[in-house]
DNA sequence: GATATTTTGTAGCTATCGATACAGAAAGGA
DNA sequence: TCCTTTCTGTATCGATAGCTACAAAATATC
């Protein structure tokens, strides 16, 4: 008995995808229930029945974003043959992903609620955790590169991971301000041009 | 006849400073009139008589921010003896300014309304213009360094300016996420370690 | 002291926010 | 066919948003 009662009149996944786009464009607070229900093609009672609350809907949207949009950027960290390739790929893919014509520019996780105050605390914490996950992922990859003798043991993996993630976050601001793909790629090139010097020095504050 | 009628019961400058702190902490939209009037120690009619509207108050607050907080970061661009020193100073001062215990972390101009949609368009444009002003300022300084034979004529000043400003914007996100001063300084060191390689290559892509 | 001018606090305006109550509509099971 | 279950649209909830009308209070001018 899988189905009882009136069947839903909308597709949950595609409605969630529409909601994701609204949050991506406007951020959490500026995305009103009216914006969301209009984009999703449903009324608010259906939204609340299917997702629980605006906060819960947002968290599902972030999850979907990470799974679809974000994975294209970060999945290569593990698979790239070297740490250098991994980071170069992250920056280059970021430049491309942030300037697709049919999508909002920049990263939902960076732009949706950066103030960390006044907005819903659960929302802020969820986004912050995802931002910091990127640092950990990069740091682990750099540590692996030390183990594989790509990088010297003196490499400050945490500092380097923080550095590249910081740049990648800044690219969200640039993209939302209208920077072209070429501009973002040039930024990536600037960062990578310093790679040899970066991994050759130690940063012990 | 400079003064007629009942004198104001509050100091306009210090009230504006309080408003700036609220906008800095919460962003434009999340800073409610209640938040503002409570912090400023006045009622809304006084606020509107003195500043006109929430948007006008915000723009004055941004102006004050640039004049006081921001100038400490960017004023050295012109006075530093070399372009390299200028940029190193910007990044180092940024790390310090973003982690003062008595002030909100990160930059008001980056964090107050980054979505660029849904929020007040005038507010978004004003902040975007100030962000891009930093790029132009850095680019001009790098161009000057070419003229002064500090840098080769092939240096891509715009790409380099974009690169460092992007990193500086990312530092706002890191600071708001709780990064320590040491972490931000290490990020600055990472960026500066690539300086020689950066100014030695051209970025004509 | 009387009048003109400006600021103050109270109280309330309209609009919109996120979230729901409720009854009718659409399906399966008896 | 009747009942149960689930979903839908309408209409609305209380709270809060930005903003303002209004009269009392506080000063300068006459």
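Protein chains in written order, with the numbering used here: chain C, 53 to 257; chain A, 53 to 257.
Positions of the beta carbon are idealized from the N, C-alpha and C atoms, including for glycine.
- Message: For residue 203 of chain A and residue 249 of chain A, I'd like the C-alpha separation in whole angstroms.
- Response: 12 Å
- Task: Note down, in chain order, every chain C residue with its Cβ under 8 Å from the Cβ of residue 229 of chain A.
- Result: 168, 180, 183, 184
- Once you ignore the five residues that flank residue 163 of chain A on each side, which residues in its own chain have a CB closer than 7 Å to its CB? 79, 224, 228
- For residue 245 of chain C, go through chain A and note every residue whose CB falls closer than 7 Å to its CB, in chain order. 246, 249, 250, 253
- Using 10 angstroms around the beta-carbon of residue 121 of chain A, count the other beta-carbons present and answer buried if the total reaches 16, otherwise exposed. buried
- Task: Would you verify that the beta carbon of residue 125 of chain C is, or is not, closer than 8 Å to some beta carbon of chain A?
- Result: no
- Message: For residue 154 of chain C, would you say it is in contact with chain A, using Cβ-to-Cβ distances shorter than 8 Å as the test?
- Response: no
- Message: Using the three-state DSSP reduction, which class does residue 222 of chain A fall into: helix, strand or coil?
- Response: helix
- Output the boundary residues of the alpha helix (DSSP H) element that contains residue 252 of chain C. 247-252
- Item | Beta-carbon neighbours of residue 159 of chain C, restricted to chain A and to distances below 7 Å | Here the premise fails: no neighbours, minimum Cβ distance about 10 Å.
- C-beta neighbour in chain C for residue 223 of chain A, strict 8 Å: yes
- Message: Distance check for residue 239 of chain A and residue 255 of chain C, CA to CA, integer angstroms please.
- Response: Bear in mind that a pLDDT of 44 at residue 255 of chain C, under 50, signals an unreliable position, so the number given afterwards is only what the model happens to contain. Each residue's Cα considered, the two are about 9 Å apart.
- Item | Reference residue 156 of chain C, options C/69, C/85, C/196, C/187, closest by Cα | C/69
- Query: Which runs of the alpha helix (DSSP H) spanning at least 4 residues fall entirely within the segment 155-183 of chain C, listed in chain order?
  - Reply: 160-163
- Query: Could one say the Cβ of residue 136 of chain C lies closer than 8 Å to chain A's Cβ atoms, at least one of them?
  - Reply: no
- Message: Please list the terminal residues of the continuous alpha helix (DSSP H) segment that includes residue 125 of chain A.
- Response: 123-126
- Query: Given residue 235 of chain A, which residues of its chain have a CB within under 8 Å of its CB, disregarding the five upstream and five downstream residues?
  - Reply: 226
- Message: Can you pull the chain A neighbours of residue 94 of chain C, defined as C-beta to C-beta under 9 Å?
- Response: None at all; the shortest Cβ gap to chain A is about 20 Å.
- Task: Anything in chain A within Cβ reach of residue 81 of chain C, meaning under 8 Å, just list it in chain order.
- Result: 81, 82
- Taking Cβ-Cβ distances below 9 Å as the criterion, which residues of the segment 197-217 of chain A are in contact with chain C? 208, 210, 211, 212, 214, 215, 216, 217
- Query: Nearest CA to the CA of residue 93 of chain A: which residue from A/134, A/207, A/57, A/61?
  - Reply: A/61
- Query: Rounded to whole angstroms, how far is the Cβ of residue 262 of chain C from the Cβ of residue 161 of chain C, which I believe are closer than 8 Å?
  - Reply: The structure shown does not extend to residue 262 of chain C, since chain C is modelled only from 53 to 257, so the question has no answer here.
- Going by Cα to Cα distance, which pick from C/141, C/150, C/188, C/89 is closest to residue 66 of chain C? C/89
- Message: Under 8 Å: do the segment 134-150 of chain A and the segment 209-225 of chain A share three or more Cβ pairs, one atom per stretch?
- Response: yes
- Closer than 7 Å by beta-carbon distance: list the chain C residues that pair up with residue 86 of chain A, in chain order. Near residue 86 of chain A there are no residues of chain C at all, since even the closest Cβ is about 11 Å away, more than 7 Å.
- With distances taken from CA atoms, which of C/244, C/145, C/191, C/169 is nearest residue 230 of chain A? C/169
- Item | Residue burial classification, residue 77 of chain C (beta-carbon count within 10 angstroms, cutoff 16) | buried
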